[in-house]
Amino acid sequence: GENVEQHPSTLSVQEGDSAVIKCTYSDSASNYFPWYKQELGKRPQLIIDIRSNVGEKKDQRIAVTLNKTAKHFSLHITETQPEDSAVYFCAARAPLGGSNYKLTFGKGTLLTVNP
Amino acid sequence: GAGVSQSPRYKVAKRGQDVALRCDPISGHVSLFWYQQALGQGPEFLTYFQNEAQLDKSGLPSDRFFAERPEGSVSTLKIQRTQQEDSAVYLCASSLRQITEAFFGQGTRLTVV
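Residue numbers (our numbering), protein chains in the order written: chain A, 20 to 134; chain B, 2 to 114.
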């Protein structure tokens, strides 16, 4: 099955700096890669996603890049703000057969933005 | 409803007790997923429904775990004879179709004492 590795497990940056979180996946058939933000005690919420036919996607201060050959994708947050502090999870969606799929998550990165 | 709703939010169970966790997905969402999230970890897949059909239950850790979605909307995750290692947050997610965004509920935090 799919295996998703995420690094680093913790990341501390100064307000205004950039933050980068990296993930690798094992199943070359995976075709969709969402990123979720989870604040303490709250539900994971989708912040950006990328499909396998695209190499990069940007939404204001956040961007995601995908390298299918190397099977890795990254989240980039620029001009970080204290409210960006949360746990970030990457995920990869692999087909199970037919029209079914499974979403596999990385173990998460605790991002702390220091004012 | 406005989002995925789970109940109860918190459940404390004595070891050996049976529990039932409920998930109300967003109305009209075909796909429903259950995940288990241990403290400090990412969500781990448990099982998946498409309407009332349970298409994948490969993530259920043991035969003490059982999930159902009899009418293709509300789903229940049941854990029999709970053990301490079952303590975790159980997340439910739903999506309109296979290829669309999955929305998560706030989860049920289960503590087995």
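Using N, Cα and C, we set each Cβ at its ideal position, and we do this for glycine too.
Fair warning: this is a prediction, and the values are worked out from it, not measured in the lab.
Report back the beta-carbon spacing between residue i and residue j to the nearest angstrom; my notes put them in contact at under 8 Å.
i                  : j              : result
glutamate 21/A     : tyrosine 44/A  : 6 Å
serine 59/B        : proline 26/B   : With a Cβ gap of about 21 Å, serine 59/B and proline 26/B do not count as contacting.
glutamine 7/B      : threonine 83/B : Not confirmed; about 17 Å, so no contact.
phenylalanine 47/B : glutamine 38/B : Position check: residue 47/B holds leucine in this sequence, whereas phenylalanine was assumed. Not confirmed; about 10 Å, so no contact.
alanine 110/A      : proline 27/A   : That pair is no contact at about 17 Å.
tyrosine 103/A     : valine 132/A   : Note that residue 103/A is aspartate in the sequence shown, not tyrosine. Yes, they are in contact, since the Cβ atoms of aspartate 103/A and valine 132/A sit about 5 Å apart, within 8 Å.
tyrosine 49/B      : lysine 121/A   : 7 Å
When we look at the beta-carbon of residue i and count the other beta-carbons within 10 Å, is it buried (16 or more) or exposed?
i             : result
serine 96/B   : buried
serine 47/A   : exposed
serine 37/A   : exposed
glycine 17/B  : exposed
tyrosine 11/B : exposed
alanine 105/A : buried
serine 28/B   : exposed
Can the beta-carbon of residue i be found less than 7 Å from the beta-carbon of residue j?
i               : j               : result
leucine 33/B    : serine 76/B     : yes
leucine 85/A    : glycine 74/A    : yes
threonine 128/A : leucine 30/A    : yes
proline 134/A   : glutamate 34/A  : yes
tyrosine 69/A   : aspartate 78/A  : Contrary to the premise, residue 69/A reads as isoleucine rather than tyrosine in this sequence. Contact flag unset, no.
valine 5/B      : glycine 106/B   : yes
glutamine 85/B  : valine 113/B    : yes
valine 32/A     : threonine 123/A : no
glycine 125/A   : glutamine 57/A  : no
> Quick one: complete beta strand (DSSP E) runs, 3+ long, within the stretch 6-87 of chain B?
Replying inline: 6-8, 11-14, 20-25, 32-38, 45-51, 54-57, 66-69, 76-80
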